[in-house]
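Note sheet for the following structure.
Residue numbers (the working numbering): 13 to 213.
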């Protein structure tokens, strides 16, 4: 089992990877994308001066997340935006599209940062991952445990609403090593476990 510091390191690595994807695009990347779209046949909109186009797009897009810009670029090139199949979006429109494409990454980073914070707090209490101990919030502890198990390759067998249901489910047979996270009503089993009816103590 991973210790809390090890799990925190895993979360931090994922946060770092997401942060890199959310880094500013920069003027050179913007220019490359715009020139590639022009080469692909899209035209500069009439509201944008052709002579100043690259500078205007650089100014509007340089601070947008690089992954969002690249996703918007790919969708534009493939006709993914119904309103923009002939002309490029205006600089401000393209900036909005790039930011929207990066929204899921921002949400992922926020969730991962919260999980990392929880792990650090638990580590400060001297609690190791994988040990059932009373934390400040039992439900939060169980959710964190489920996240840890998922990272280790465990899988959710099914939801289980009560201790009585768990006992009945054990009698019917469960994958070897399966455990019941009663606070969130979930049964988890280790990778490769077979239905033998044996469960964790």
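C-beta: ideal position from N, C-alpha, C; glycine also.
{"Query": "If the criterion is Cβ atoms closer than 9 Å, does the pair residue 79 and residue 117 meet it?", "Result": "yes"}
{"Query": "Determine the burial state of residue 83: buried for a count of at least 16 other Cβ atoms within 10 Å of its Cβ, exposed for fewer.", "Result": "buried"}
{"Query": "Name the DSSP beta bridge partners of residue 201, please?", "Result": "167"}
{"Query": "Compute the beta-carbon to beta-carbon distance between residue 69 and residue 97, rounded to the nearest angstrom, for a pair I have assumed lies under 8 Å.", "Result": "Their Cβ separation, rounded to whole angstroms, is 18 Å, which puts residue 69 and residue 97 out of contact at 8 Å."}
{"Query": "Distance, Cα to Cα, residue 53 vs residue 104?", "Result": "20 Å"}
{"Query": "For residue 85, tell me which candidate among 194, 46, 28 has the shortest Cα-Cα distance.", "Result": "46"}
{"Query": "Please tell me whether residue 27 and residue 128 are closer than 9 Å, where the distance is taken between their beta carbons.", "Result": "yes"}
{"Query": "On a CA-only basis, which of 192, 160, 111 is nearest residue 171? Give me that one, please.", "Result": "192"}
{"Query": "Could you check where the beta strand (DSSP E) with residue 192 kicks off and where it finishes?", "Result": "191-193"}
{"Query": "In three-state terms, what does DSSP make of residue 57?", "Result": "coil"}
{"Query": "Alpha helix (DSSP H) containing residue 47: first to last residue?", "Result": "39-51"}
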